Structure formats: C-alpha cells, structure tokens
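Asks: The structure is given below, and queries will be raised subsequently.
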Amino acid sequence: MKNCFLLLAFTFLVAGFGSVNAQLNKINFEEFDLDNGLHVILHQDKSTPNVTVSVMYNVGSKHEDPSRTGFAHFFEHLMFEGTENIDRGQYFKIVQNAGGTLNANTSNDRTYYYEIMPSNQLELGLWLESERMLHAKVDSVGIATQKGVVIEEKKQTTDNQPYGTIMQETMKRAFKVHPYRWQVIGDPDHIRAAKDEEFQMFYEKFYVPNNAVLVLAGDIEMESAKQLVKKYFADIPTGKHDLARELIVEPDLNGEVRDTIYDNVQLPLILQAYRTPAMGTDDYYALDMLGTLLSKGQSSRMYKSLVDEQQMALQAGSFAMPFNEPSVTLAYALPNMGVECKDLENAIDAEIAKVRDELISEREFQKLKNQYENDIVKGNMKVATRANSLARYYTYFKNTNMINTELDKYLAVSREDIQRVAQKYLVEDNRVVLYYLPKSQQQ
Amino acid sequence: MKKTLFLFLTLLVALSTQAQLDRSQMPEAGPAPKINIGKAKSFELKNGLKVFVVENHNVPVVSYTLSLDIDPVLEGDKVGYVSMAGDLMRSGTTTKTKAEIDEAIDFIGGSVTTHSGGIYASSLKKHSDVLLGLMTDVLYNPVFPQEELEKSIKQTLTGITSQKDDPKAIAGNVSDAILYGDKHPYGEIMTEATVENITVEDCKNYYETYFRPNVAYLVIVGDITLKEAKKQTKKYFAKWEEKEVPTHKYEYPKNLDKPFLAVSNKDGATQSTVVVTYNVDMKPGHPDAIKAKVMNAILGSGMNGRLTQNLREDKAWTYGAYSSLSTDELVGSFNASTQVRTSVTDSTVTEILFEMNGLRSDIATEEELNLVLNSMTGSFSRSLESPSTVARFALNIQKYNLPEDYYETYLEKLNAVTLEDVKAMADKYITPDNALILAVGDVPAMKSTLKPFAKDGEVVMYNYYGEVVKSMPLPAGLTAEKVVADYVDAMGGAEAVNAVDSYMMEGKMSIQGMALNMKLFNSRPNKTCVETYMQGNLVSKQVCNGEAAKAISPMGEQNIEGEMLENMKAEAIIFPETQYAELGFKLELLGVDNVEGEDVFKVKIVNPLGKAKTAFFSRESGLKLKEISETPQGNSVTLVKEYTEVNGIKFPKLITQSVGPQSFDIEFEVIKVNEGVSEENFKI
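For the record, the sequence lines run as chains W and D. Here the numbering used here is used: the first residue of the first sequence is 144, the next is one more, and so on. Here the numbering used here is used: the first residue of the second sequence is 173, the next is one more, and so on.
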C-alpha cells in the first residue's frame, strides 16, 4: 500500500514534468529571406492593438577596430539623427506623433533598434527602419552632437557611478586578444579622434540587409505584413563588404590574475571572473544553472550562506555573462562593514568548492528546474520581449525556434553536469579577481 | 480562367512591389484601432478585505498583490522602522524559520515579497495553493526574530554607507529635508543613529496596528476565474481579523518663498546632478492632473521634451534631462533633473530655468501639444498589455475615490486638452521662484558659480543626511605644500614665475576721500619699493635694496634696522612660493574655511624669522584670496577681489586692504613684467 502511494506520487511527478512543455504556450512565427539577404520574422499576437517593429544588426563592440572602440554604440545614437528623407531630430517626433515609442541598445555582440507602434502605424514603422537601413544621415553635425552626448553618457553610466568601471577593469584583464576586452561604450579618445569618413565606412559595412534581421510582432495580418516588408525593404541593396569576421580565440588564462582598484566607493567589492564557454553551448546552460543555484532567491547558496547566515556580505551573487562567444561567469560580493575582503573571498571560494566537491541534492535540482520554468514562462509575457528574443535567437544561432526549445536545453542539464562544469571552469587558474576598495584605503 | 486569374495576380504583385516607392512621403496611418480596457471584477469579504480580479489567460501565471491603504507614519528618532517591519515579515513565522520560508518559495520558482505597505506573491498557476499558504503564513504569523532584526540593521547600516556615494540618494535626502522638513513623514531621513534605535517591539507594533483587512485591497491578476478567486480568498483570507486602524493628518509643508540654492558634495565627481524641485498640491484625480501632466510632458518628457532637446540635442551636455509632475495624496511634486559635466553646472541651471519660464511666457505650439497627446495616447494603449495595469486602474478608482469611468474616459479627457490649458497649467504649476535648486557633485568647483541664482547670493551646503555644513572637509592626503604648489600652478606655473626678474604695478586708491596713487617695484631676489603719491607728489616711500632699507614719510626719513629690516628683507623676496623650502619657510595646513562665500584651504606660513601669516587659497581656482598678517597696528587683512594675467602670470588687479577699522580698495591699472624697473628704484 505504501509502495503504491509512492508509485502514485512518482507518476504524478512525471505527469507534472510532462506538463512543463504542454504549459508553455508555443510561440508561432513565420520567417523568410528577401533577395537582398534580409531575414524577416513575423509573429502575430492580437491581444492589444500594437505592433513591435524591430531590426537587429549583427554588429556589436566585438566587430570594432581596437583603435576605434565604441562605434557600434555610437551608431545607436547616430541612427536617430535622421535619413535622406527624415530631417535631423524628426525621428523621435515622428514615432511619438504616431503614438509610438522607440529605443535601441547595443551589446558586445549585436545592436537592436525597435519601435512599438499602434498597429495602424505598421507601415510607418517599416518606413522608419528601412530609411535608416538604406540611407541614414551620417554627417558632421550629427556626429559632433552625439560625440558630446556619448562622452557624457560614459561619465554618467561608468565613471561617475560607484563600481561603474568594474566590467571595464575585469574584461581587460580576462581578455588580452579577444574584442570582449573593451567595453561597449568604448574609449572616449577613440570617439573624439574618429573622423566622419570612418563612421561612414562603418555604416556602409554593417548596416546592410544581409547583416540584419527584421521582426514584426503583435497585431499584424500576415499576408499584408509580408507585402509591406517587401515594399519597404526589397529595394535596399545588399552590402558590398565582406562581413566574415576572423574568429579570435582567446588563449587560456593560465593562472590567476589578481588586482586592486581604488575608486570613489564607500564599500569594498570583491569580484571573481571565471573564463567560461559561449552562450548556447551545453556547458553554458550548466554554468547558467550553477549561477542560479548560487544566487537566485534567498535560499540560493551564496545568499543564504554569505548574506543570511554568516552575515559577511551585504550582497552576493553569481551569473554567467550571456555572450555569443566565450566570455566569463562572475561571482561577486560586497562585504558588510567590518568584514575583511579576504575572509569574504574565502567564503565565496568555499561555496564554489562545495559545488565542485559534492553533487547537488535532488531537491535543489528540482528547485532549479522549477525556477527556469517559471522564468521562461514569465519572460515571454510581453510581445516586445518576444520580438527581441526571436531576433536574438536568429542572430546568434540562426535558429529562431530556440524561443520554444531553449527550456529543453536547461532541462537536459544533469546534476553531474553542474558538478562537472564547476570542476572544469570555476578554478583558481581560470579567474581574474578584483578588489574594489575605497580611495581612502590607498596607501 | 483560373490560369488567367493567377497570371493577373502575379502581375499585380509584381507591379505592386516594383512600382517606384516614393520614400520622401511618410506613410499614412490606417484607421485607428479600438482600444479596449479589460474589466476588473470585485467583491468584498466580511472582514472588509476588498478583492479585485483581472483575468488574463495568456500565460499560466497568477499574482496576488495585497496593499494597505493607510496614512504614512512619522517615525521620529527611529526612522527606518516602518520599512524594516515590512521587510522582516517574511523573516520567520511561528512555524517556519526564514531559511525554510526562502527555500519553500524558491522551490516553486515563485516569489513572495513583503513591505510596509503590503505583500506581493506570484507563481505559476499550478503552484498557487503552496504560494497562498506561504503568503498567508507570513501575513498571520510573523515573529520578527531578534537576530533577523539585527541582521537587517547591520545590512541597512552598510547600505547607508554605500548610498553616501550615490548622487541620486544624496539629492533625495537633501531635497526631502529642505522641502518637507522633519515634521513631515516625507522629510524624515534615515541615519545610522535612527536605524540603531529600532527594536523588535517597534516592528511588531507596526504590524499589529496596520496589517488589517479593513484597510487592505487584494488584487488578483492572471490565469484565474472569478469563481476560483472567490474560493481561494475565502479559504485563505476570511480568517484575517479586522481592527480599527489609526489615521494621521499632516500639515502641508510650507513652500519656499524664493529660489533656494543648495549644493552637496560627492568626492571625485566628474558630473553634477542638477535638480530643480518644489512641492505641488495636487491629489490623484485632481481636475488639473491630466492637463498638468500634458504641460509637463512638453517641458521634460522623453527625447522630445524641451529639456532634452536643449541640453542633450542642442548642447550635448548630458545624456538626458527630464521633468516630472506627480500627484500625491499628501504632497505632490515637480522635479526637473539631469546630470552634466561639472563645468556647465551653472549654465545648466540657467537653461532649465529658461525652459521652465519659457513655458509660462510663450504658449506652446500646436505641434508640441499634438506630439504629447499622441504619445500619451500610445503609451496608455501599450500599458494595457499588462493585466496589472487594469488592476491598478480598479484600485485607484477605489483608493482615490475617482469617478467609475475615470479610465474609460481617460483618452477623451486627454485629447480635449488645449494650448490654453497648457498655458494655464504652466502659470499655475511652474513656479521657479519657489524652487529648490540643488547640485550634487564637486562642490569646490561649482558652488560659487551658483550664487547668481540666489536672490541673496547665498548657496548652502548640505551633507548626505540633509544637514547644513559650514565648509567642505579636507580631502584625504592634502598637504600645505600641495596647496602652495597648486597656487603656483594657478598663477601660471613655476616656469613662468621663475622667468620673472622684476615687475612693477601702478594703482590708485582712496583713503578718507583722498585720491592716492601708488607705485610698486620689485626685483629679484628681494628688492622692493613702494611709493605713494597725492596729486602727483610723493608722500611716502619704503625701499629695500636687499641689504638695507629706509622709509620716507611727511614726518621725515628713517633708516630701517634690526628686526624690522630682517623682516622686510624676508618679506621682499619675490614669488617665495616656488622656493619656500630652500628659504626656510615653514608651512602648516590649518583646515578649510570660507572667504566671501568661496571655499578655501587655510595655510599658515612662517618665515625664517618665525613671523607668521595666514593665507587662504581657493579650492576652486587655487588662487590666493586672502592673507592675514600681524602688524603693530593690529591684524592686516588683504583680500584679492580680482586677478589679471600679464606675461602668463596672474597678478592681483583689485585688492581690499584693511588694518584695524581702516579699509581701502586698491586697483592696479598698470602691471609690467621684466620692464619698467631699474636699479634706480631701489637706491637708498
């Protein structure tokens, strides 16, 4: 009888598992290429009368010339300056006047531009995006203005923020040859020194249909949307430059790199950066789950141990950087007052050693799976977020359907995988350790 | 037939795609889509808990938001206890430790957060029962363990330390202190001392008093039906006991009666955070609220707001500049803010005030108004994607006593706003004359530049706690030698200074109504001569040729000897600052001070004879602003009001000299370097 009950519970658990995929409403989409190489993804959702029109260009800071860093991000500003048919300063106005909103963002791997418009303004959105793909204004007035803005942006987001320079300091030590060694925002000196022609060259090379994916998501009619896409994008010429990029492989770190940075901060911060594989690889999924194990939620290991029980840290966490090429997994902590940095670092190391030395429990493992299920379900609630994911999966993996299948990648990770990646990557020889200390502690 | 049709269709498609597209024409909008606002359903439990349900079956998630509708509490010398009580509710119940609660919530991938105003819980629908069990355990049985309180205090203290670096946190504290004052709950500042005063009893009292169903709303949003919601709420919330909850009334804080200039320091800041802010008496649902929001959007909302257009797109001083006009049941507020590089702090204040006044003096354009109306319409429509928006609408109608159709008719009301309305709102609510103008950043570099904005020329400095500070603390590691070296740099640099062999200055002054002229000659190493003329006639002269000295006055001629001679020789050394150490001068950094509203470093300079004077060097420019030395007649004070540059060196142009009660201004009209001086001038 008792056994019977157990069996029942087991079946229930399995059934519960089966429902994981059943519950995830599949996200439907259609995709095709135009003759000029533009990849197009259409996703219909008529919940509200709005449509997201977005373009992801396969250009990020990793595509930049090492002596001209910050270009991809600079274009995120420049691309709003206007086009041959849109006067300077009108881009925002047109979208706002249509009741829409817009923005853009740049990462190490790609740049993303989008408008969210009322659905009766779909054509306007296509006109706007096609205009800047065809003939954006890359002129001296816009360049000069945006140089000033970008340099202030760097001060605001990096230099004038406590710990604002942390990624800059970490990545330049973790990478010696790979372009991840510099930051998306770039070096203000490079931006200042760059000539107008250099920006024009960059535009001609990267902002072309064969280096982009266009997504329409929301309240659209599939057939008329296709016709409109052709109307506005089919006549944009294919880029003339060779887009193939030499894959730069960063050699192993081969030994810990350790440094101290004195900055305008009140509290120290300890950061460890372990060199780890690219997003999309099996080991990446295992590492991502490991980060969740260590730091998501108050029962996560680092939070529970360092913040709650030992009260050594104000904050502590760990996560894998979602980069398209091999990058880093970070572990960090801010010590509570009166706690020595070295003691806190030892405590972080102890938590990581525990993952290397012991298999995680079944219950913790189930918790991780539940957390991923919850996150992925919630992550796709908004149409605009779905549009971004669709574009990203295509740009990074040429596999748009990963929006529906990525959870499987996580569910395929085993407890042993988590232990194995901890043993393989989260080791001393493979990390950069930085202490951020208040300037007042500088000798 | 079929074939022809097919051919025709292909042709049509081919034609339509190949027809030359006129890109210069912006596409027309299609017919406006209909905007539907989902309906919230509501019911009330016997204990007074009001429940709202918004169904949304797109994804299998349900969230439960419990919020208390209570007055803010004045916390006195325990500021922080209310929020700590809220945080600590999930830190242990009669049956579970904090670690057990955490684990149970994380296990279902859900979240439960508590705060002083309520509880939020969310998870996949299949875990709803577990979630509600945890949520109500926290609601009914919190124990506020002493050790959890201690942890929380420790973390809050560390948190305060890190906030001291955050310009936004500094600006928030300073403006709260100035605008609301400490008698208002919005003006209370959490400090290390108030946090350390908090006890378990305080937290328990707060919880016992205010967490009651008769002042609470429960909003359920997501993949759930009304029927399921009724069943759940009955099961989990019916036993929550009601009790009368105290109310609190506060006096509306007094508005500033003139522009008030304040600064606060952030070490090593490369940017200034500039804020122009004041209180606005506007409750949610106020008849002016929508019109005033439109007016504010023209000024400072998004990229097209006048502030960003001016400061970012036109001047490239900042990444963005925005303003907000917010309603509140107690005190609403206007706030315009931006972050700019330090050197344009004052210009930024000028531009923000210019844009604020501009909206009052000139009527906005039709184009600006339409832009804002269209944009706000779109944003309203987009916000409806989130089911919590619909829930919030229902809640606001209840909480603020708004008309039932307030949100259904929101777009009508919005699109009825006219240019005249905008002007009227600007006249009424844009009041820069009552504003706090605050800059957080490198105080020495910006403070004095803000003086012109204050009616009385006063700029007050505040610290992180919103307290007035007299002067800046000394930067770590600063020495008197460094201050003097900076002074030499500010004058033009050691190289330029050392290239001066001699200089002469001619000036005029007025003593008790008499116009006097003076000539001053100096030459290396320590030759000096001061001549005073009245109507062209020499009335007095002091001269030192480096070895001997004499003084000529209407009373006769006198050789200077002994101690006085030695002292004159020491004081006659030109530009001793580049060679203090070699000459045997002793320096001591005395601290910080203020000269005519400008922050200065105070340095004691003792000459080789042991005679001391005190010099005051500007923190901002590095230049010497003041010098005090002892004379037999009493302290002699020299103030330098203005410098001028000659041969790459800054010389005082305008000085005020006072000895005892006597005070006179000297203006130097001629300054010559390495010319106009001969050995004749020093003949004895």
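A virtual CB, placed ideally from N, CA and C, is assigned to each residue, including glycine. Remember, predicted model here, so these are calculated numbers, not experimental data.
Are the C-beta of D:V845 and some C-beta of chain W separated by less than 7 Å?
Replies: no
Asks: Could you check where the beta strand (DSSP E) with W:H278 kicks off and where it finishes?
Replies: Taken as a continuous stretch (DSSP letters only), W:H278 belongs to no beta strand (DSSP E), being part of the alpha helix (DSSP H) at L265 to H278.
Asks: Roughly how many angstroms separate the alpha carbons of D:T480 and D:M198, rounded to a whole number?
Replies: 25 Å
Asks: From the beta carbon of W:Q166, is the nearest beta carbon of chain D less than 7 Å away?
Replies: With a pLDDT of 44 at W:Q166, under the threshold of 50, the modelled position of this residue cannot be trusted, and the question is left open.
Asks: 7 Å is my cut-off, CB to CB: does W:K510 come that close to chain D?
Replies: yes
Asks: Tell me the DSSP bridge mates of D:K722?
Replies: D:V715 and D:N731
Asks: Give me the chain D residues within the contact set of W:L380, using Cβ-Cβ distance strictly less than 9 Å, ordered along the chain.
Replies: According to the sequence provided, residue 380 of chain W is Pro. The question's Leu does not apply to it. Correct list: empty, because the minimum Cβ distance to chain D is about 14 Å.
Asks: In the structure shown, what three-state DSSP assignment does W:P581 receive?
Replies: Looking at W:P581 - three-state DSSP - the assignment turns out to be strand.
Asks: Output the residue ranges of the beta strand (DSSP E) runs that lie fully inside the region 662-712 of chain D and measure 3 residues or longer, sorted by chain position.
Replies: 674-683, 686-695 and 699-706
Asks: Could you check how far apart the C-beta atoms of D:K222 and D:S235 are, in whole angstroms? I think they sit under 8 Å.
Replies: D:S235 and D:K222 do not touch by the CB rule: their CB atoms are close to 17 Å apart, not below 8 Å.
Asks: DSSP puts W:R401 in a beta bridge; with which residues?
Replies: DSSP lists W:V576 as the beta-bridge partner residues of W:R401.
Asks: Quick one: measure Cβ to Cβ for W:I532 and W:I546, integer angstroms, because I've assumed they're closer than 8 Å.
Replies: The amino acid at residue 532 of chain W is misidentified as Ile; the sequence shows Ser. About 5 Å; that satisfies the 8 Å criterion.
Asks: What runs of the beta strand (DSSP E), each 3 residues or longer, lie entirely inside the region 373-446 of chain W?
Replies: 400-406 and 412-419
Asks: Select from D:G679, D:E485, D:Y637 and D:V254 the residue whose C-alpha is nearest the C-alpha of D:S324.
Replies: D:V254
Asks: Give, in chain order, every unbroken run of the alpha helix (DSSP H) that is at least 4 residues long and sits entirely within the region 238-268 of chain D.
Replies: 253-260
Asks: Would you verify that the beta carbon of W:M125 is, or is not, closer than 7 Å to some beta carbon of chain D?
Replies: One cannot answer for residue 125 of chain W here, as it falls past the ends of chain W, which runs 144 to 586.
Asks: Pull up the DSSP beta-bridge partners for W:M199, would you.
Replies: W:Y255 and W:V356
Asks: Do W:V400 and W:R324 count as a contact pair if the criterion is CB distance below 7 Å?
Replies: No, Cβ-Cβ distance for W:R324 and W:V400 is not below 7 Å.
Asks: Any idea if D:V753 is buried or exposed, counting beta-carbon neighbours within 10 angstroms, 16 or more meaning buried?
Replies: According to the sequence provided, residue 753 of chain D is Ala. The question's Val does not apply to it. Exposed: under 16 other Cβ atoms inside 10 Å.
Asks: Using the beta-carbon count (16 or more within 10 Å), is D:P604 buried or exposed?
Replies: buried
Asks: What separation, rounded to the nearest whole angstrom, lies between the Cα atoms of D:V612 and D:S515?
Replies: Going from the Cα of D:V612 to the Cα of D:S515 covers about 13 Å.
Asks: Could you tell me which residues DSSP puts in a beta bridge with D:Q834?
Replies: D:V831
Asks: Is it right to say D:V656 is buried, meaning 16 or more other beta carbons lie within 10 angstroms of its own, or is it exposed?
Replies: buried
Asks: So what does D:I777 bridge to, in DSSP terms?
Replies: D:L759 and D:K785
Asks: Closer than 7 Å, CB to CB, is D:G504 near chain W or not?
Replies: no
Asks: Under the three-state reduction of DSSP, which class applies to D:F383: helix, strand or coil?
Replies: coil
Asks: Which whole runs of the beta strand (DSSP E) in the region 468-526 of chain W are 3 residues long or more, in chain order?
Replies: 470-478
Asks: Could you tell me the alpha carbon to alpha carbon distance between D:R384 and D:A257, rounded to whole angstroms?
Replies: 15 Å
Asks: D:A662 and D:L795 - do their beta-carbons sit closer together than 7 Å?
Replies: yes
Asks: Quick check on W:Q264: buried or exposed, where buried means 16 or more other Cβ atoms within 10 Å of its Cβ?
Replies: By the neighbour-count criterion, in which 16 or more other beta carbons inside 10 Å mark a residue as buried, W:Q264 falls on the buried side.
Asks: Short of 7 Å Cβ to Cβ, which residues in the region 532-555 of chain D face chain W?
Replies: Within the region 532-555 of chain D, the residues whose Cβ lies closer than 7 Å to some Cβ of chain W are N542, L543, N546, S547, T549, G550, S551, S553 and R554, listed in chain order.
Asks: Compare the C-beta of D:A588 against all C-beta atoms of chain W and say whether one is closer than 7 Å.
Replies: no
Asks: So with Cβ pairs under 7 Å, would you call D:L433 a contact of chain W?
Replies: Taking Cβ atoms only, chain W never reaches closer than 7 Å to D:L433, which makes this a no.
Asks: Can you give the Cα-Cα distance for D:N386 and D:S473, rounded to whole angstroms?
Replies: Cα to Cα, the separation comes out at about 38 Å.
Asks: Here's the rule: buried if 16 or more other CB atoms are within 10 angstroms of the residue's CB, otherwise exposed. What is D:E485?
Replies: Around the C-beta of D:E485, 16 or more other C-beta atoms lie within 10 Å, and the residue is accordingly described as buried.
Asks: List the endpoints of the continuous beta strand (DSSP E) containing W:L185.
Replies: Note, W:L185: beta strand (DSSP E), H182 to Q187.
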